[in-house]
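Numbering (the numbering used here), first residue to last: 15 to 175. Where a beta carbon is used, it is the ideal one built from N, C-alpha and C, also for glycine. Have a look at the structure below, then the notes.
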Ligand code: DLZ
């Protein structure tokens, strides 16, 4: 086939500086996701010295904290991590929708890729499954997305098409 080209990011992140912004609510699960994200970054070439973890109270604050980090400091990519567990009131629905839209607008408005590593679950079992057991670790997945996007941005900036 001629005339087609495809540009995609590689999974090599050597020399990149990455910020992880993580909530403190449901800390046990969030910590497992932070650990998973850090180890994934290191596996793909990021130096531990180039990874900074910023803690905020909960998911509601993730987008604003991440915005501050990427606008005031110099990072090549960011990963937002949080755990929202449904309670008996509609609180969960309000927080989950503002969290998703906040992080999404952040990645549209800024030059740095920001990934969405927020799990929204109904109960503790689902949180266990998604923070390092049978449904994987969403921190690892979010780290991989940021790794790929940092490389894709580099290729786009270099004029690859
Ligand atoms: C208030 C609240 C509730 C009920 N549940 C969660 C949650 O499951 N996960 C989470 O990250 N944060 C939760 N929060 C806290 C809010 O995100 C926020 O930190 C507070 O409303 C203060 O702005």
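Beta carbon of residue i: closer than 6 Å to some heavy atom of the ligand MN?
{"i": "residue 25", "result": "Only the ligand DLZ can be found as ligands here, which leaves the ligand MN out of the picture."}
Considering only the alpha carbon of each residue, which of the options lies closest to residue i?
{"i": "residue 126", "options": "145, 110, 163", "result": "163"}
{"i": "residue 68", "options": "171, 59, 74, 79", "result": "79"}
{"i": "residue 75", "options": "30, 26, 98, 50", "result": "98"}
Measure the C-alpha to C-alpha separation of residue i and residue j and round it to an integer number of angstroms.
{"i": "residue 40", "j": "residue 46", "result": "10 Å"}
{"i": "residue 122", "j": "residue 138", "result": "32 Å"}
{"i": "residue 55", "j": "residue 140", "result": "25 Å"}
{"i": "residue 145", "j": "residue 152", "result": "6 Å"}
{"i": "residue 173", "j": "residue 23", "result": "13 Å"}
{"i": "residue 168", "j": "residue 150", "result": "28 Å"}
{"i": "residue 53", "j": "residue 18", "result": "36 Å"}
Looking at the strands, I want to know which residues DSSP matches up with residue i.
{"i": "residue 145", "result": "151"}
{"i": "residue 69", "result": "36"}
{"i": "residue 135", "result": "99"}
DSSP three-state label for residue i, please.
{"i": "residue 89", "result": "coil"}
{"i": "residue 28", "result": "coil"}
{"i": "residue 175", "result": "coil"}
{"i": "residue 129", "result": "strand"}
{"i": "residue 97", "result": "strand"}
{"i": "residue 17", "result": "coil"}
{"i": "residue 118", "result": "helix"}
Beta-carbon distances below 7 Å to any heavy atom of the ligand DLZ define the shell here; list its residues in chain order, please. 37, 39, 40, 71, 72, 73, 74, 75, 96, 97, 98, 99, 101, 105, 106, 109
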